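Numbering (our numbering), first residue to last: 75 to 1107.
Every residue gets a Cβ at the ideal spot worked out from N, C-alpha and C, and that includes glycine.
Predicted, not measured: the structure shown is a model, and the values here were computed from it.
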C-alpha cells in the first residue's frame, strides 16, 4: 500500500506530520467553546407588540390576527405561534430550516411595516428579531443588603448591570424585583370636582410646568449663541407650585388638588433568595458565545465589583449553568480516558508486547487530538453531542490500529523481518480496513443529515464520529506501520514475570479457544439450516422484549436542582402572589437536600429554583425529591404547579403536551376539560394543567354614542382620563443629581380601590360652543362587569388550548403514545376541532422518525460500500445477516440494565450496525483471499475464522471495555449517555458470538447459490453453442 510504504521508508517525514497534527489539534482544542448543546441558528423570528392595558381578546382581534394574516403570505413559513396577554402580543414565526434567519427576519419586518397603518395608533413600535434558542440565563444572581431596596436597586442599575455589560459574551441582563424611584402626584377626586378640573388638565399642566425647550439661535458677530427655555422642576416643592388652572380668577396649584410624594414605581416583580427579599439578576449570553468562558468571566467581574460595593451589600450566585456543563464535560473526558486505558489493556493482554501496546496507545490519543482540528474547522464546540461522539468513538478509533498491528505481529511470527512484515501485512489487510472504516462512516454520515430541529443538534455528533474514523484510518496506515517496523521484533527474549506468565497462560487458552472454534464452526457448517432456524428463533424471542423496554425521547439527567413553575388565581395582587411564593419556600426548607431557594414572582406566576446538594452527597435522586415536593405543595390553595427535576439538554415545558385547535372556543374548551379529566385519573400523570385561564374581572364602560355627541365629549380624552386616574400616566421626568426619574400622575390610593369613585369623575364637554362644561362620566357611559381569558394562545391562525402533564412511573414515550390514541378515540371530538401532539413532543417524534430513516439510509450506504469492496452485490448479504444479531444483544442489554428505548439508545444501535459490519468484513475478506488461493468455501471459512478470530475478539473486547465507563458512569449527564453503552455492549456480545457462526453459514449458502447460477449459465451457453453448430455445421 503506497501510503504505508512511504511511512515505513520515511519515518521522520511521517513523524513530523503527526507532531504537527498533535500541536495544531491541541491549539484547536483550546479554542473550542464549551456549551451544553451544539450552537444552531434556526429560522425563527419573533414579533413583539405592546398596547398598554388592552384586554387579550381585543389584542387578538385588532393586532394578532392582522399580523398573522400578513406573515402567512411569506414563502417558507412553517408554523405561526401567537401568545397574547393583557397589553402584549408575541408572535413566533417558524420557517423551513432551509430559510436564512436573516432573510426571514427582514421579510417579517417588511410585512409588519406594510400593515402598520391598519394596526391601532397607540401600540408601541413592533419589535422584530431573530429568535435565539440559547437566550436563557447562564447565571442568576441575588443582590441583597441591610439598606433600603431603592438604594440597592440604584447600585444594581448603576454599578452591577453596567459592569456586567462590559464582559465579553454577555448579551443581556434582566433584573427582577427592582424598586425604582418615582415621583408620584396623587390626585384627590373630590378636590378636582370642587375646582371643576379634569384629570387631563392636570397631566398637561404638570408636563408644561416641568420642561426645557430649545429657543433657537442668536448670532452676535462671529459668535452663535443657543437659546433654551428652562422651566424644569428643581425640587419636589416646585411640583406643588405648578399652576393647573384658573377658576374665578384664582390660580389653582397642584397643592390644592393633589399630594406629591417621592416614592417607588409600582413593582411588576419580586425576587426572594432563601426566604429574604432580594433583587434578582439574570445574565444571558450572546448567541454562539462560550457558556463556560462567559460564566467564568462574569464571576471574575463580580469579584472585582464586590470590592467597590457599600458595606452590607451581598451578591450571591444562585444558579450557574456552567457548573453542570463543566461537570458533564469533565465526566465525559474522564470516561474517554478510562475507556482508552481499558482498551489499551485489552491490546496488551492479547499481543503480550509493550511495543505493540505502545503503538496502540499512541495512535488512540493521536486520532482524538487530530479530530479536534476538523471540529475547529467546522466551528463545532465541546458539548453534550460532540463529546458523546468522542466517547463512543474510543473503541472505534483503536479498532483499525488493532487490526493492522495484529496482522503485522502475525507476519512477524512467520519469520519475516519487521519492515517487510509491516509492509506486507498492511497491504494485505489494507482494503479490508478501509472497507470497515468506510462502513462505519457510511452509517454515521446520514445522522448528520437528519432533518428538523433534532437534526441540527445531531450534525456535530454524526460528523465528529465520521471525522474521527477517517483520522483513525490515516493513523493506521501511517503511524502504525512506521512504528511497527521500528519497534516490533521477530523474536523476543523476555524475562518471565507474573504478568508474563499470566499473558502466556491467557494466550494459550485463547489458542485452545481458537481450535475449539474451528471445530465447532465445522459442525455448524454441516448443520446450516438448524443454525439459521436457531438464530431466527432467538431474534424473534428478543424482539418480544421491546414493548417491555418502554420508550422515551431523551433520558432525564440529575442536574442537581428542582424547577417549580406556578400559576396563581387571576386577580391577585403582586404581594398576594408573593405570599404564595413564601409558602412554597417554607415547604422547601424542610428538605435536607435543598441548599438554596431562588424565587421570582410576577403578576400571576411564580418560578422557583431549588438547588440540591451534590449528587454524590445525597441518597435520593432529584426526580424522587421532586415527586415528594409535588405532594407536599398540594396543600397550598389557589395555585396550579409543575414540579420537575432540572436536567441537561431540553428542559423546557412539561413531559407531554397535547394541543386542541379550532375556532369554536366553547367546543374546544369542552374537549380540553374532558381531556384534563381523563389524564387526571391516571396515577402516572402529574401536574395536569390547561393553559385556559380566565383573567381578572374587568369593568367595561360602554359609551352611549348619542349622549357623547350631544354633550360634546371627546371619547379618547375620556379614556385617557380613566387611565390617568386608575392606572396612572407618565407626565415627564424629574432630574436629580444627574439621574432622571419618572413622574406619574394618578388617583389617591384609597380612591383607586372602589368602582364607586367612577361616579365622581368628570370630563370636559362642549355644549352650544362652550368648552367649560364638566360632564359626569356616568352620564355618557354604562358599567358592565365581565371576565375574559387572561391569555390567548394561537397556532397557525387557529385558537389553541394546551393540555400538558408531567409523567412518573412509566416511560414518557409510552404515556404519550397511549394517550395520543386514547384522546382521539374517546373524546368525541366535534367537527372543526383538532387534537394533536404539541410542544417538544412533536419535535421529538419528528426527530426520532428522522433517526430511524437515517439508520435505514446508513445500512443502505454500508451495503453499497461492501459491494464495492467485494465487487459483488451477493457477498455483502452474508454480512447484512449479522445486523439483526446486534439487535438481539442491544435489546437484552437495555432490558437487563433497566434502560428505555430512546433517541440516545438508538444512536448506540446505529453504531452497532457499523461495528458488526466491521467484523463481518474482516471474516469475508480473508475468506475470499483463501478461495482465490484455491481453498474450497468451507475450508476457506474455517481458515478465515481461525485467523481472524483474534482481531475480531480483540476489537470487540476493546470496544466493550471502552464502553464500560459510559455504561456504568455516575457523574453529571451519565444518565443520558448510559443507554448507549448498554445497547452497544449488549449488541457486541451477541452479535460477535453469532456473527462468527451465522455469517459463514449464510456465506456458504450464497456460494452454493452462485455455483448453481454459474452452472445454469454454463448450461445455457452450451445449449446455445450446440444449437448454433446444428444450424451452421
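Exposed or buried, what is residue 672 when buried is set at 16 or more other beta-carbons lying within 10 Å of its beta-carbon? In the chain shown, counting from the first residue as 1, residue 672 sits at position 598. Residue burial annotation: residue 672 is buried, with at least 16 other C-beta atoms found within 10 angstroms of its C-beta.
Going along the chain, which unbroken runs of the beta strand (DSSP E) with 3 or more residues stay wholly within the region 264-294? DSSP assignment within the region 264-294 yields the following whole beta strand (DSSP E) runs of 3 residues or more, N-terminal first: 285-294.
Per-residue DSSP class, three states only, for residue 809: To locate residue 809, count along the chain shown from 1; it is residue 735. Three-state result, residue 809: strand.
Could you tell me the alpha carbon to alpha carbon distance between residue 1046 and residue 340, rounded to whole angstroms? Numbered from its first residue, the chain shown carries residue 1046 at position 972. Numbered from its first residue, the chain shown carries residue 340 at position 266. Each residue's alpha carbon lies about 42 angstroms from the other.
Using 8 angstroms as the Cβ pair cut-off and three pairs as the minimum, do the region 942-956 and the region 1023-1034 touch? Cβ pair count under 8 angstroms is below three, so no.
Pick out whichever of 277, 192 and 312 has its Cα sitting closest to the Cα of residue 810. Mapped onto the chain shown, residue 810 falls at position 736. Ranking the options by Cα distance to residue 810, first place goes to 312.
What would DSSP say about residue 333, mapped onto helix, strand or coil? Against the chain shown, residue 333 aligns to sequence position 259. Looking at residue 333 - three-state DSSP - the assignment turns out to be strand.
By how many angstroms is the C-alpha of residue 163 removed from the C-alpha of residue 878? Taking the first residue of the chain shown as 1, we reach residue 878 at position 804. Taking the first residue of the chain shown as 1, we reach residue 163 at position 89. When only Cα atoms are considered, residue 878 and residue 163 end up about 22 angstroms apart.
Can you name the start and end residues of the beta strand (DSSP E) that residue 347 belongs to? Position 273 of the chain shown, counted from the first residue, corresponds to residue 347. Following the DSSP letters along the chain, one finds residue 347 inside the beta strand (DSSP E) bounded by residues 344-347.
Within its chain, find whatever has a CB closer than 8 angstroms to the CB of residue 1084; leave out the 5 residues flanking it on each side and keep chain order. Counting from one through the chain shown, the residue named residue 1084 turns up at place 1010. Setting aside the 5 residues that flank it on each side, residue 1084 is surrounded in the same chain by 948, each with a C-beta closer than 8 angstroms to its C-beta; the list follows chain order.
Counting C-beta neighbours from all protein chains within 10 Å, is the total for residue 315 16 or more, i.e. buried, or is it exposed? Numbered from its first residue, the chain shown carries residue 315 at position 241. So residue 315 counts as exposed.
Look at residue 310 and residue 821 and say whether their C-beta atoms are less than 8 angstroms apart. Numbered from 1 along the chain shown, position 236 holds the residue referred to as residue 310. Numbered from 1 along the chain shown, position 747 holds the residue referred to as residue 821. The Cβ-Cβ distance between residue 310 and residue 821 does not fall below 8 angstroms.
Would you kindly work out how many angstroms separate the C-alpha atoms of residue 1017 and residue 882, rounded to a whole number? Position 943 of the chain shown, counted from the first residue, corresponds to residue 1017. Position 808 of the chain shown, counted from the first residue, corresponds to residue 882. Distance between the alpha carbons of residue 1017 and residue 882: 54 angstroms.
Reference residue 1036; option with closest CA among 416, 970 and 621: If you number the chain shown from 1, residue 1036 lands on position 962. The shortest C-alpha separation from residue 1036 is found at 416.
Range of the contiguous beta strand (DSSP E) that encloses residue 57: A question about residue 57 goes unanswered here, because the residues of the chain that appear run from 75 up to 1107.
Inter-residue Cα distance where the pair is residue 642 and residue 675: Here residue 642 refers to the residue found at position 568 of the chain shown. Here residue 675 refers to the residue found at position 601 of the chain shown. Straight-line Cα distance between these residues: approximately 11 angstroms.
Around the C-beta of residue 678, are 16 or more other C-beta atoms found within 10 angstroms, so that it is buried, or is it exposed? Translated into the one-based positions of the chain shown, residue 678 becomes position 604. Counting the other Cβ atoms within 10 Å of the Cβ of residue 678 gives 16 or more, which makes it buried.
At least three beta-carbon pairs within less than 8 angstroms, the region 986-1001 to the region 495-514: With the cut-off at 8 angstroms, the region 986-1001 and the region 495-514 touch.
Whole angstroms is fine: what's the gap from residue 577's alpha carbon to residue 994's? For this step, residue 577 is matched to residue 503 along the chain shown. For this step, residue 994 is matched to residue 920 along the chain shown. Roughly 27 angstroms separates the two Cα atoms.
Residue interval of the beta strand (DSSP E) (run including residue 910): If you number the chain shown from 1, residue 910 lands on position 836. Judged by DSSP secondary structure, residue 910 falls within the beta strand (DSSP E) whose first and last residues are 908-911.
Considering only their Cβ atoms, is the gap separating residue 999 from residue 506 smaller than 8 angstroms? Counting from 1 along the chain shown, the entry for residue 506 is found at position 432. Counting from 1 along the chain shown, the entry for residue 999 is found at position 925. Yes, Cβ-Cβ distance for residue 506 and residue 999 is below 8 angstroms.
Cβ-heavy atom distance between residue 118 and the ligand SAH below 7 angstroms? The model on display carries no ligand, and the ligand SAH is accordingly not part of it.
Would you report the Cα separation of residue 175 and residue 418, rounded to the nearest angstrom? Along the chain shown, read from residue 1 onward, the residue named residue 175 stands at position 101. Along the chain shown, read from residue 1 onward, the residue named residue 418 stands at position 344. When rounded, the distance between both Cα atoms is 47 angstroms.
Within this structure, are the beta carbons of residue 183 and residue 202 separated by less than 8 angstroms? Within the chain shown, numbered from 1, the residue matching residue 183 stands at position 109. Within the chain shown, numbered from 1, the residue matching residue 202 stands at position 128. In this structure, residue 202 lies closer than 8 angstroms to residue 183 by Cβ.
Does chain B have any CB closer than 8 angstroms to the CB of residue 126? Absence of chain B from the displayed structure is noted, only one protein chain being present.
I'd like the ranges of any alpha helix (DSSP H) spanning at least 4 consecutive residues and lying wholly in the region 438-491. Within the region 438-491, the runs of alpha helix (DSSP H) at least 4 residues long that lie entirely inside it are, in chain order, 458-487.
Under the three-state reduction of DSSP, which class applies to residue 211: helix, strand or coil? Mapped onto the chain shown, residue 211 falls at position 137. Strand at residue 211.
Alpha carbon to alpha carbon, how far is residue 167 from residue 718? Working through the chain shown from its first residue, we reach residue 167 at position 93. Working through the chain shown from its first residue, we reach residue 718 at position 644. Spanning the two alpha carbons is a distance of roughly 28 angstroms.
Residue(s) in a DSSP beta bridge with residue 298: The residue given as residue 298 occupies position 224 in the chain shown. 293.
Can you check which of these residues, 147, 257 and 114, is closest to residue 803 by C-alpha distance? Start at 1 with the first residue of the chain shown, and residue 803 comes out as number 729. For residue 803, the closest alpha carbon among the candidates 147, 257 and 114 is that of 257.
Reference residue 711, options 749, 650, 760 and 290, closest by Cα: Within the chain shown, numbered from 1, the residue matching residue 711 stands at position 637. The shortest C-alpha separation from residue 711 is found at 650.
Suppose you measure from the CA of residue 487 to the CA of residue 583; what does that come to, to the nearest Å? Locating residue 487 in the chain shown gives position 413, where the first residue counts as 1. Locating residue 583 in the chain shown gives position 509, where the first residue counts as 1. If you take the alpha carbons of residue 487 and residue 583, they lie about 18 angstroms apart.
Neighbour-count burial assignment, residue 1099, 16 or more Cβ in a 10 Å radius: Indexing the chain shown from 1 puts residue 1099 at position 1025. In this prediction, residue 1099 has a pLDDT of 46, which is less than 50 and means its spatial position is unreliable; what the coordinates show is noted afterwards. Taking all protein chains in view, the Cβ of residue 1099 is surrounded by fewer than 16 other Cβ atoms within 10 Å, so the residue is classified as exposed.
Range covered by the beta strand (DSSP E) that runs through residue 716: Counting from one through the chain shown, the residue named residue 716 turns up at place 642. Run containing residue 716: 713-719, per the beta strand (DSSP E) assignment.
Give the secondary structure of residue 883 by DSSP, where H, G and I count as helix, E and B as strand, and everything else as coil. As a first step, residue 883 must be located in the chain shown, where it is residue number 809. Looking at residue 883 - three-state DSSP - the assignment turns out to be coil, as it is neither helix nor strand.
List the DSSP bridge partners of residue 159. Your numbering for residue 159 matches position 85 in the chain shown. In the DSSP assignment, residue 159 is bridged to 162 and 865.
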